[in-house]
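Peer 1: Protein chains in written order, with the working numbering: chain B, 212 to 646; chain P, 13 to 285; chain Y, 3 to 294.
Note that CB positions come from ideal geometry on N, CA and C, so glycine has one too.
Model, not experiment: these values are computed from the prediction.
Mind having a look at this structure? Questions to follow.
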């Protein structure tokens, strides 16, 4: 009987002690300085070992090298997957607890952090350590009011990848114009082949189609960017017409069935399973089409790509939709800001040298193509990048977060035929104007 | 006529059984497939070339620590939840006091809070008391957030316990503690087993709190092992399938055990009653 | 007797741990969330007090009301499905052959995490090579729907896995409740010549009515704050067609940097759930307590 009593009391005490300890223990020291005097820089990234083995390995090697060169600095690493990373950063920022160095996305994503004084300006290290090392235009995406707050790590452009085997079978050739693309779609549909894989549940995929059409129809003027930056209107004729073209493509069954309910990943797998002939995606997927051993060699050999075609004779095929993906930020309120900056700078330099060869991504830093042994597709893409006349940053990245949500919802509604092109343009114009 | 009825009943039951057992078989096949087969292939098909290496990948990912953390956090949180919930339910349903309705109402409010509303305030509180990146924060959060549902399930049963049992015990000179631990808890064993199963499943599969409150690898749980295979642009679904299979096995074993306890408990209480 | 059972110290001792935990880890965050709802705050840096603006905006926000409607539909379907689960539990708890095995099999899906269930149903609903459409086409349906893409269907399509996901949970509770009924009561009825159906409806169901009422509350409250599968399978899309209150709140607070507004929606969700619960309690209230 006393034992039972003891257990009850124990349970009550345990819970109370936990709560009391919790309430009273608030003033202990933070862990940024360990006993040996070494400083700890907390670093969070989103390339888990399981899915991004190469990224993960290279990051760890860079960290090891950095720690060797700077014995008084220790890097404390936390790795999360994409969505969890975003959620956690969000929670951390509410308590002003961002890691010393972490990953950020450009433009619209980072702006609130900059406005809230969470990110440290990085112009000083860009001008000293990293001068002239970035591809032009990449750091600008991480700048707010002329100050740069992020060091870009990757640069992607989107192109239409296609299955050469399927194209050969039906005597098709890379289209130069949208009309030619539509003919290809018609031929493929006649033969019961899915023309274009599209996973529009993640509406940024459909957004890339819309952006390209808008870009081509707008000619030299980047009407979409102007609309977003409020130098123009979203009801610009080119932007409305682009929406109209989207619906024509949908009406002609250009995209796989039920695309609005498919994730990008499912669409990608349809393309990689040779169940669809074409797939518009950015160059981050290059490893899947070249070096990834998990993908059958036969398929990798049959992938080609072409630039998004011109529309009604308008547009420049050397103008791309794309932009830098993630970049590094340094926390403004970090206790070890100087060390964090040193690490970020070191990381970007090392990353640039190793990203293409070891990881298979195109870094935002300049790469000397000739000195590297790369798959042909990489060489082609790098050359395309060099001759690019314009890269329009993904609309949902350019926009502030709540307008981006409106944009993505509208893209789904547009592709799903729920709204007219005019309504599509007006809703977004209103959202942009309301800001 | 009656016979036909039985046959029909069994056909229906059998069909439902096939439907209910299918997910586990599907998950197992899923874990042996490549991304291509998973997305583009026939979902009913067996993997053409079973990829057992998916399991190797999972073990290489250092699942051992996660596994152990999952087990002890689940066990501790489940035991504490059920103890605390049983005590509260006992006091609310069996003892006489004016505020019991109010207390029950407060506990029920706990059912209604969406976890994403609570996440940021909770993080902030744990941060202030230095419990971030401490498994204690996970355990007490699990206990608290499963308390309301556990109390609710226990409630329906506690109210059906005959008063005579208590009266007899008290007249025999038993203390309240003895009544609770020696009599009430044993006769509520079947429903406790039910709540054990439910708590176990919730704690075992939870990941939002773990991801938010824990940053060190040494404290993370199995659900984090799944995150390991989700990439920025590419996800290794076969390996996720393998992780899911590995993580569902202990819970199936525990379930089968406690599921039989529901029966045993009844027999035991029947003997006593 | 009464003196022992109303010992204040014992009552305090038995309820204190639960109350302390709930007060600190649920009630405080709840109040904070209501408080954040009064702020214009993107979750980063300083917040600005704006009074009830967020709450007023929410009441005028058609997306919020649409998601509320969806949540209520889910609650309705969940509550109705309880009758089916009760029927299954009645069969499993009766003395038919193989009931023990069947019960175990029936409860297996509830052991799976939402991640696994979401993947399973994504594969079932895939428009071109999904299991459901494969079967439909095999039966000669030419143009089976794209379940998760069609705004008219998606909401109901996604209800099915959600309701199915909880089948095991309720069957388990009913089963335990049914098994708790003293054998003597049923034997007595049998001697009086009652058929199995009569025993089920006239004796068993009334005896577990308390439990059934609890599950009604659980299913409705659970549905109103439901999030998991919606988030993984459709993210509330296409264009909000499957948005529910919790997913809308999450979107605002975590994707749109509108933490103040998101908190306000979260707080309204709670108020709505609270009102619904009180109404249900009033509706299902009965005076007589059942004891075996």
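So residue 407 of chain B and residue 487 of chain B are in contact, right, with Cβ under 8 Å, and what is the actual spacing, rounded?
Peer 2: Here residue 407 of chain B refers to the residue found at position 196 of the first chain. Here residue 487 of chain B refers to the residue found at position 276 of the first chain. That belief holds up - the Cβ atoms of residue 407 of chain B and residue 487 of chain B are roughly 6 Å apart, short of 8 Å.
Peer 1: If you draw a straight line from the alpha carbon of residue 35 of chain P to that of residue 86 of chain P, how long is it in whole angstroms?
Peer 2: The sequence position of residue 35 of chain P within the second chain is 23, counting from 1. The sequence position of residue 86 of chain P within the second chain is 74, counting from 1. Their Cα atoms are separated by approximately 24 Å.
Peer 1: For residue 212 of chain Y and residue 251 of chain P, what's the separation of their Cα atoms in angstroms?
Peer 2: Taking the third chain and counting its residues from 1, one reaches residue 212 of chain Y at position 210. Taking the second chain and counting its residues from 1, one reaches residue 251 of chain P at position 239. In a straight line, the C-alpha of residue 212 of chain Y is about 44 Å away from that of residue 251 of chain P.
Peer 1: Since I believe residue 318 of chain B is in contact with residue 604 of chain B (beta carbons under 8 Å), could you give me their beta-carbon distance rounded to a whole number of angstroms?
Peer 2: Position 393 of the first chain, counted from the first residue, corresponds to residue 604 of chain B. Position 107 of the first chain, counted from the first residue, corresponds to residue 318 of chain B. Rounded, the Cβ-Cβ distance is 6 Å, consistent with contact.
Peer 1: Cβ closer than 7 Å: which chain B residues qualify as neighbours of residue 227 of chain P?
Peer 2: By one-based count along the second chain, residue 227 of chain P stands at place 215. Correct list: 289.
Peer 1: Using a Cβ-Cβ cut-off of less than 9 Å, give me the residues of the segment 389-407 of chain B that come near chain Y, in sequence order.
Peer 2: Of all residues in the segment 389-407 of chain B, 405 have a Cβ within less than 9 Å of some Cβ in chain Y.
Peer 1: Contact defined as beta carbons within less than 8 Å: I believe residue 87 of chain Y pairs with residue 176 of chain Y. What is the distance between those atoms, to the nearest angstrom?
Peer 2: Here the question's residue 87 of chain Y lines up with position 85 in the third chain. Here the question's residue 176 of chain Y lines up with position 174 in the third chain. At roughly 6 Å, the Cβ-Cβ gap stays under 8 Å, so residue 87 of chain Y and residue 176 of chain Y are in contact.
Peer 1: For the structure I just gave you, are there three or more beta carbon pairs, one from the segment 241-248 of chain P and one from the segment 301-308 of chain B, closer than 8 Å?
Peer 2: The segment 241-248 of chain P is not in contact with the segment 301-308 of chain B.
Peer 1: Are any of the Cβ atoms in chain A nearer than 9 Å to that of residue 106 of chain P?
Peer 2: No chain A is part of this structure, whose protein chains are labelled B, P and Y.
Peer 1: If contact means a Cβ-Cβ distance below 7 Å, which residues of the segment 9-27 of chain Y contact chain P?
Peer 2: So the close ones are 9, 12, 13, 16, 17, 19, 20, 21, 23, 24, 27.
Peer 1: Examine chain Y for any beta-carbon lying closer than 9 Å to the beta-carbon of residue 502 of chain B, and answer yes or no.
Peer 2: Within the first chain, the letter at position 291 stands for residue 502 of chain B. By this cut-off, residue 502 of chain B is not an interface position.
Peer 1: Out of curiosity, what's the CA-to-CA distance linking residue 175 of chain B and residue 357 of chain B?
Peer 2: This structure cannot speak to residue 175 of chain B, because chain B is shown only from 212 to 646.
Peer 1: The alpha helix (DSSP H) that contains residue 246 of chain Y, what's its start and end?
Peer 2: Position 244 of the third chain, counted from the first residue, corresponds to residue 246 of chain Y. Unbroken run through residue 246 of chain Y: none, as it is neither H nor E.
Peer 1: Quick one: which chain P residues come within Cβ less than 9 Å of residue 262 of chain Y?
Peer 2: Translated into positions along the third chain, residue 262 of chain Y becomes position 260. Within chain P, no residue comes near residue 262 of chain Y; the closest Cβ sits about 11 Å away, beyond 9 Å.
Peer 1: Does residue 480 of chain B pass the burial test, meaning 16 or more other C-beta atoms within 10 Å, or should it be called exposed?
Peer 2: Position 269 of the first chain, counted from the start, is the residue given in the question as residue 480 of chain B. Its Cβ being crowded by 16 or more others within 10 Å, residue 480 of chain B is buried.
Peer 1: Tell me where the beta strand (DSSP E) around residue 166 of chain Y begins and ends.
Peer 2: In the third chain, the residue the question calls residue 166 of chain Y occupies position 164. Not the beta strand (DSSP E): residue 166 of chain Y falls in the alpha helix (DSSP H), residues 156-167.
Peer 1: Helix, strand or coil: how does DSSP classify residue 426 of chain B here?
Peer 2: Here residue 426 of chain B corresponds to residue number 215 of the first chain, with the count starting at 1. DSSP places residue 426 of chain B in helix when its eight states are reduced to three.
Peer 1: Using a Cβ-Cβ cutoff of less than 7 Å, which residues in the same chain neighbour residue 217 of chain Y once the five nearest sequence positions on both sides are dropped?
Peer 2: In the third chain, the residue the question calls residue 217 of chain Y occupies position 215. Excluding residues within five positions, the ones whose Cβ falls inside 7 Å are 84, 172, 175.
Peer 1: May I ask you to report which of helix, strand or coil DSSP gives residue 258 of chain B?
Peer 2: Here residue 258 of chain B refers to the residue found at position 47 when the first chain is read from its first residue. The answer is coil: DSSP assigns residue 258 of chain B none of H, G, I, E or B.
Peer 1: With a cut-off of 8 Å on the beta carbons, I'd call residue 569 of chain B and residue 269 of chain B a contact; round off their distance for me.
Peer 2: As a first step, residue 569 of chain B is located in the first chain; it is residue number 358 there, counting from the start. As a first step, residue 269 of chain B is located in the first chain; it is residue number 58 there, counting from the start. Contact holds; Cβ gap of about 5 Å.
Peer 1: Would you please verify whether the beta carbon of residue 242 of chain P is less than 9 Å from any beta carbon of chain B?
Peer 2: Numbered from its first residue, the second chain carries residue 242 of chain P at position 230. With 9 Å as the cut-off, residue 242 of chain P counts as an interface residue toward chain B.
Peer 1: Considering only C-alpha positions, which residue in the set B/308, B/369, B/295, B/355 is nearest to residue 322 of chain B?
Peer 2: Along the first chain, one-based indexing puts residue 322 of chain B at 111. Of B/308, B/369, B/295, B/355, the residue nearest in Cα terms is B/355.
Peer 1: If you reduce the DSSP assignment to three classes, tell me which class residue 589 of chain B lands in.
Peer 2: Along the first chain, one-based indexing puts residue 589 of chain B at 378. Residue 589 of chain B falls in the helix class under three-state DSSP.
Peer 1: Alpha carbon to alpha carbon, how far is residue 638 of chain B from residue 170 of chain P?
Peer 2: Walking along the first chain from the start, residue 638 of chain B turns up at place 427. Walking along the second chain from the start, residue 170 of chain P turns up at place 158. Near 56 Å, if we compare the C-alpha coordinates of residue 170 of chain P and residue 638 of chain B.
Peer 1: Tell me residue 63 of chain Y's beta-bridge partners as DSSP assigns them.
Peer 2: Here the question's residue 63 of chain Y lines up with position 61 in the third chain. Per DSSP, none; premise fails for residue 63 of chain Y.
Peer 1: Please go through the same chain and pick out, in chain order, the residues whose beta-carbon is closer than 7 Å to the beta-carbon of residue 415 of chain B, but skip the five residues on each side of it.
Peer 2: In the first chain, residue 415 of chain B corresponds to position 204, counting from 1. So the list reads 605, 607, 619, once near-sequence residues are dropped.
Peer 1: Under DSSP, the alpha helix (DSSP H) around residue 399 of chain B begins and ends at which residues?
Peer 2: In the first chain, counting from the first residue as 1, residue 399 of chain B sits at position 188. Residue 399 of chain B -> alpha helix (DSSP H) spans 389-401.
Peer 1: Check each candidate in P/215, P/18, P/260, P/24 and name the one with the smallest Cα separation from residue 43 of chain P.
Peer 2: Against the second chain, residue 43 of chain P aligns to sequence position 31. Among P/215, P/18, P/260, P/24, the Cα nearest to that of residue 43 of chain P belongs to P/260.
Peer 1: Who are the neighbours of residue 7 of chain Y on chain P, taking C-beta pairs under 8 Å?
Peer 2: Stepping through the third chain from its first residue, residue 7 of chain Y is reached at position 5. Under the 8 Å cutoff, chain P gives 106, 107, 108, 178, 182, 188.
Peer 1: Strictly below 7 Å CB to CB, what residues from chain P border residue 542 of chain B?
Peer 2: Numbered from its first residue, the first chain carries residue 542 of chain B at position 331. Here the premise fails: no neighbours, minimum Cβ distance about 15 Å.
Peer 1: Given a threshold of 16 other Cβ atoms within 10 Å of its Cβ, counted over all protein chains shown, does residue 440 of chain B qualify as buried or as exposed?
Peer 2: Along the first chain, read from residue 1 onward, the residue named residue 440 of chain B stands at position 229. Burial call: exposed.
Peer 1: Mind checking which residues open and close the beta strand (DSSP E) that includes residue 577 of chain B?
Peer 2: Position 366 of the first chain, counted from the first residue, corresponds to residue 577 of chain B. Here residue 577 of chain B belongs to no beta strand (DSSP E), and DSSP marks it neither H nor E.
Peer 1: Please confirm if the segment 286-301 of chain B is in contact with the segment 227-244 of chain P, defined as three or more CB-CB distances below 8 Å between the two stretches.
Peer 2: The answer is yes - the segment 227-244 of chain P touches the segment 286-301 of chain B, with three or more Cβ pairs under 8 Å.
Peer 1: What are the complete alpha helix (DSSP H) segments, minimum 4 residues, inside the segment 341-380 of chain B?
Peer 2: Segments of the alpha helix (DSSP H) lying fully in the segment 341-380 of chain B: 375-380.
Peer 1: Taking any Cβ of chain B, which residues in the segment 62-82 of chain Y have a Cβ under 8 Å from it, in chain order?
Peer 2: Answer in chain order: no residues at all.
Peer 1: May I have the straight-line CA-CA distance separating residue 518 of chain B from residue 626 of chain B, to the nearest angstrom?
Peer 2: Stepping through the first chain from its first residue, residue 518 of chain B is reached at position 307. Stepping through the first chain from its first residue, residue 626 of chain B is reached at position 415. When rounded, the distance between both Cα atoms is 22 Å.
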